[in-house]
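Below is one structure, written out as structure tokens; comments come after it.
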Amino acid sequence: MQFMLLFSRQGKLRLQKWYISLSDKEKKKITRELVQTILARKPKMCNFLEWRDLKIVYKRYASLYFCCAIEDQENELITLEIIHRYVELLDKYFGSVCELDIIFNFEKAYFILDEFLLGGEVQETSKKNVLKAIEQADLLQEVINSNIPRTLLQVILVY
Amino acid sequence: MVVPSRKLQDLIEEIRGAKTQAQEREVIQKECAHIRASFRDGDPLHRHRQLAKLLYVHMLGYPAHFGQMECLKLIASPRFTDKRVGYLGAMLLLDERQDAHLLITNSIKNDLNQGIQVVQGLALCTLSTVGSAEMCRDLATEVEKLLLQPGSYVRKKAVLTAVHMIRKVPELSNIFLPPCAQLLHERHHGILLGTITLITELCERSPAALKHFQKVVPQLVQILRTLVTTGYSTEHSISGVSDPFLQVQILRLLRILGRNHEESSDTMNDLLAQVATNTDTSRNAGNAVLFETVLTIMDIRSATGLRVLAVNILGRFLLNSDKNIRYVALTSLLRMVQSDHSAVQRHRPTVVECLREVDASLSRRALELSLALVNSSNVRAMTQELQSFLESCSPDLRADCASGILLAAERFAPTKRWHIDTILRVLTTAGTHVRDDAVANLTQLIGGAQELHAYSVRRLYSALAEDISQQPLVQVAAWCIGEYGDLLLEGSCEETEPLQVEEEDVLDLLEKVLQSHMSLPATRGYALTALMKLSTRLRGDNNRIRQVVSIYGSCLDMELQQRAVEYNTLFRKYDHMRAAILEKMPLVERGGTQDEEIKESKEAQLSEASLVPTEPQASELLDLLDLLDGTSGAAQPPPPLEPSPGDVLVHLLDLPCDLPSASPPPASIPNLRVFEREGLQLNLSFVRPPGTPALLLITITAINTSEADVIHFICQAAVPKSFQLQLQAPSGDTVPAHSGLPVTQLLRILNPNKAPLRLKLRLTYNHFGQSVQEIFEVNNLPMETWQ
Numbered sequence: 001m002q003f004m005l006l007f008s009r010q011g012k013l014r015l016q017k018w019y020i021s022l023s024d025k026e027k028k029k030i031t032r033e034l035v036q037t038i039l040a041r042k043p044k045m046c047n048f049l050e051w052r053d054l055k056i057v058y059k060r061y062a063s064l065y066f067c068c069a070i071e072d073q074e075n076e077l078i079t080l081e082i083i084h085r086y087v088e089l090l091d092k093y094f095g096s097v098c099e100l101d102i103i104f105n106f107e108k109a110y111f112i113l114d115e116f117l118l119g120g121e122v123q124e125t126s127k128k129n130v131l132k133a134i135e136q137a138d139l140l141q142e143v144i145n146s147n148i149p150r151t152l153l154q155v156i157l158v159y
Numbered sequence: 001m002v003v004p005s006r007k008l009q010d011l012i013e014e015i016r017g018a019k020t021q022a023q024e025r026e027v028i029q030k031e032c033a034h035i036r037a038s039f040r041d042g043d044p045l046h047r048h049r050q051l052a053k054l055l056y057v058h059m060l061g062y063p064a065h066f067g068q069m070e071c072l073k074l075i076a077s078p079r080f081t082d083k084r085v086g087y088l089g090a091m092l093l094l095d096e097r098q099d100a101h102l103l104i105t106n107s108i109k110n111d112l113n114q115g116i117q118v119v120q121g122l123a124l125c126t127l128s129t130v131g132s133a134e135m136c137r138d139l140a141t142e143v144e145k146l147l148l149q150p151g152s153y154v155r156k157k158a159v160l161t162a163v164h165m166i167r168k169v170p171e172l173s174n175i176f177l178p179p180c181a182q183l184l185h186e187r188h189h190g191i192l193l194g195t196i197t198l199i200t201e202l203c204e205r206s207p208a209a210l211k212h213f214q215k216v217v218p219q220l221v222q223i224l225r226t227l228v229t230t231g232y233s234t235e236h237s238i239s240g241v242s243d244p245f246l247q248v249q250i251l252r253l254l255r256i257l258g259r260n261h262e263e264s265s266d267t268m269n270d271l272l273a274q275v276a277t278n279t280d281t282s283r284n285a286g287n288a289v290l291f292e293t294v295l296t297i298m299d300i301r302s303a304t305g306l307r308v309l310a311v312n313i314l315g316r317f318l319l320n321s322d323k324n325i326r327y328v329a330l331t332s333l334l335r336m337v338q339s340d341h342s343a344v345q346r347h348r349p350t351v352v353e354c355l356r357e358v359d360a361s362l363s364r365r366a367l368e369l370s371l372a373l374v375n376s377s378n379v380r381a382m383t384q385e386l387q388s389f390l391e392s393c394s395p396d397l398r399a400d401c402a403s404g405i406l407l408a409a410e411r412f413a414p415t416k417r418w419h420i421d422t423i424l425r426v427l428t429t430a431g432t433h434v435r436d437d438a439v440a441n442l443t444q445l446i447g448g449a450q451e452l453h454a455y456s457v458r459r460l461y462s463a464l465a466e467d468i469s470q471q472p473l474v475q476v477a478a479w480c481i482g483e484y485g486d487l488l489l490e491g492s493c494e495e496t497e498p499l500q501v502e503e504e505d506v507l508d509l510l511e512k513v514l515q516s517h518m519s520l521p522a523t524r525g526y527a528l529t530a531l532m533k534l535s536t537r538l539r540g541d542n543n544r545i546r547q548v549v550s551i552y553g554s555c556l557d558m559e560l561q562q563r564a565v566e567y568n569t570l571f572r573k574y575d576h577m578r579a580a581i582l583e584k585m586p587l588v589e590r591g592g593t594q595d596e597e598i599k600e601s602k603e604a605q606l607s608e609a610s611l612v613p614t615e616p617q618a619s620e621l622l623d624l625l626d627l628l629d630g631t632s633g634a635a636q637p638p639p640p641l642e643p644s645p646g647d648v649l650v651h652l653l654d655l656p657c658d659l660p661s662a663s664p665p666p667a668s669i670p671n672l673r674v675f676e677r678e679g680l681q682l683n684l685s686f687v688r689p690p691g692t693p694a695l696l697l698i699t700i701t702a703i704n705t706s707e708a709d710v711i712h713f714i715c716q717a718a719v720p721k722s723f724q725l726q727l728q729a730p731s732g733d734t735v736p737a738h739s740g741l742p743v744t745q746l747l748r749i750l751n752p753n754k755a756p757l758r759l760k761l762r763l764t765y766n767h768f769g770q771s772v773q774e775i776f777e778v779n780n781l782p783m784e785t786w787q
């Protein structure tokens, strides 16, 4: 996968993850172009489109569009499953997720994605493992914020 | 002092509360000023919060590069909260094309060596997102160490980081290849999936790695078999399919390993059959696996039965209610239509059915596939389907569909009649969408089918009477009416509806075309020429035609004006020759490539073959004259030629219009082959225009049947002094190989004394890299040329 974008029905970007190196300008141009193209498509159309030399797989969940760019040899159908799995993870983490959750906790949305995909490849196929990892990192963050001594921290981390 | 910093959520709230863009910009500018101030003052406690706010602002499209250094500071901080936000910021703000990103290399190195797994995870994730080649080289050994760590959390991340590193620096394959064998024994799905991704990456990059991993095929087969047969675990299954992510990845690797490798392909044959038959296809996850299986079967050296099974699965996909699945089926069938044509052909009815899809991306695929499936046995039925698609499809598909039909008709037309009908139908339904060459192709086709002239002209006339807006149709119709107008008026033709056409109707129609604001200049040219040609084909008087032609003598379009003026002259001064000049177009020889044909027919009809008569070089001509009149002492320059009637005539002959440039002469004098050498032939054809008995026109036609072009071709001629000779410029100086477009040149000889003609020719040219010069006398000239 080359990049993933989340944007609202109004075309507002909610999350962007780039696994290829591009300039800011180029990223903005691509985002604008894709958001426009996808929002213009009718709901009964299929979820794939060819764009430059990439394949775009997108799917709408409530008010949010999830959009992935994959290469020619990659499987569009499994990419739909990747999107769906990510939505499930967000849903489990936030408890029936809505767009506002992702707006106000965008950094959490990134953390979850980074536990599921790495460098554009699937790293963990078990939902349980992904959520466990996030919970532990969250826990660690709280522990530090409440200034628990470092020795105790080590104990927690070993689990 | 620093204003107490606001929380991220509060900022987001305020930005969302902004009523206008301007208001939003103001809020953000104010906040960015705060963030900058806070960064400047170095407030370590709130730094992560400031950066988080900046990242939000960045997502809205505002500049955030000033946060880059803060990311570095946060990453270097010992606090986990700082690190988490710092690494997130680094992934979003750092760019490997700026040197700043290298500054995190050291922090990543420290974090990788540190024992805390979550922190190692953050570092690996960042490395595999923004890690540049330089960073990858610096950190490869650290990642290698982590590959064999006990904790699966870090290990799975390290494996995928290795994938990224190989993509950036292919030489690092050497480090990451050896641990793969051991990693493949792993049971943890994440690590296993990562390892298979890593092996795939290695195999795609080096043939040596590919060979190395071909021996793990049995192991991969075993892993996949276990996965398929053990039923599902709640942890890894999606709608009854156990870990489709892992299955797809293994299948993809098998595809790479089995490609062009008999033994590996054999090993996986049974398994692929098993997956293909047992996968539950009620949901997308199962179809994803099945689709990947099909791709693998088609790509490796699989058994014939299996390949048929795979194509049939795709055929079934075409009937699926999910449009995504229909889409991938069409895409894949399109890919294999070349290699497994007959298997794909079996699903033709379903493919044709998909032409009716409302989704343009699907119908485009269906169109491409349908066009690929047309062959000589189904061309009639398929064309019918495609024609009805053409009538209803969206405008952006129309051009592709039209040219596709024309191409298929060109290749597989069962009869000429059918071919003409097909093109005609395309022109009437999608005339504005066809490429220019359709006109040339159709005129050529009709010209070549003598038995269909009457039929074609009638069909075209009716089509034109209905619609004069479709330019290509109008052009072909005008051309045909001009050429075969007599047949149109002649009465019945058993193949079409009885059609009683009056001369006045035809002229009305052509005038309408000339006057229509929709007509392009080229179309008007066709119409004008058609009118001109009709002047010899109609029984009535020509006054009306003469009138129309003279009106266009003052037309603003130069091309049209020139034609009109020339035609006018033809009416007034050379009326006696008009019939000969407006003869039917000779058949254009078919041969060579499509392009040549198009060029040829175009040139014959409408190109502006700019033939500017040039005077032959006097000195060379004198030499030749010397040869002929050896007795007459000092050579004299040839008498200056008065501008004679022939001049204009010659111009007309050379003109674009449909005037034959090599037509059979009215008083038939047999042609003469005067020269042949290494495939280069020179033929002379003779015309003695009635009414000017002293004038003889000789057309020299040079044709080249050899493998190499004849270049710098120059032909010069000389006659005895009692004759007057004018040599026109040739149509080119290159005679293309393989009987390409011949070079023609016109000689005008005035023989007032009716003396026996003697003609000497000098040829110079370059052929097969050698320059050749030939001087010879044409000695068997027919008597008719001077008597």
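Those protein sequences? They're chains A and B, same order as listed. Residues 1 to 159, numbered by the UniProt record's numbering, are exactly what the first sequence covers, in order. Residues 1 to 787, numbered by the UniProt record's numbering, are exactly what the second sequence covers, in order. Where is the CB? At the ideal position from N, CA and C, for every residue including glycine.
Buried or exposed (CB count within 10 angstroms, at least 16 for buried), residue i
| i | result |
| --- | --- |
| B:His576 | exposed |
| A:Ala40 | exposed |
| B:Asn543 | exposed |
| B:Lys7 | exposed |
| B:Arg187 | exposed |
| B:His517 | exposed |
| B:Ile551 | exposed |
| B:Ala408 | buried |
| B:Ala33 | exposed |
| B:Glu608 | Note that B:Glu608 scores a pLDDT of 38, beneath 50, so its modelled location is shaky and nothing firm can be said. |
| B:Asp243 | buried |
| B:Glu566 | buried |
| B:Pro586 | exposed |
Proximity below 8 angstroms, CB of residue i to CB of residue j
| i | j | result |
| --- | --- | --- |
| B:Leu54 | B:Ile35 | yes |
| B:Leu427 | B:Gln470 | yes |
| B:Phe686 | B:Leu696 | yes |
| B:Val719 | B:Pro730 | no |
| B:His185 | A:Thr125 | no |
| A:Gly120 | A:Gln2 | yes |
| B:Ile250 | B:Ile223 | yes |
| B:Leu148 | B:Pro170 | no |
| B:Met268 | B:Val216 | no |
| B:Leu306 | B:Leu333 | no |
| B:Gly286 | B:Val241 | yes |
Contact with chain B by residue i, beta-carbon distance below 8 angstroms
| i | result |
| --- | --- |
| A:Met45 | yes |
| A:Asp114 | yes |
| A:Ile78 | yes |
| A:Lys25 | no |
Beta carbon proximity, residue i to chain A, threshold 8 angstroms
| i | result |
| --- | --- |
| B:Thr593 | At B:Thr593 the pLDDT is 44, less than 50, meaning the model places this residue with poor confidence; the figure from the coordinates comes in the next sentence. Judged by the 8 angstroms Cβ criterion, B:Thr593 is not in contact with chain A. |
| B:Tyr153 | yes |
| B:Asp12 | The sequence shown places Ile at residue 12 of chain B, not Asp. B:Ile12 counts as touching chain A. |
DSSP state of residue i mapped onto helix, strand, coil
| i | result |
| --- | --- |
| B:Asn378 | coil |
| B:Cys32 | helix |
| B:Asn320 | coil |
| B:Thr141 | helix |
| A:Gln123 | coil |
| A:Lys128 | helix |
Taking the runs of the alpha helix (DSSP H) that are 4 residues or longer, which of them lie wholly in the region 54-108 of chain B?
68-76, 80-93
Give the list of continuous alpha helix (DSSP H) stretches no shorter than 4 residues that lie fully inside the region 251-308 of chain B.
262-278, 284-299
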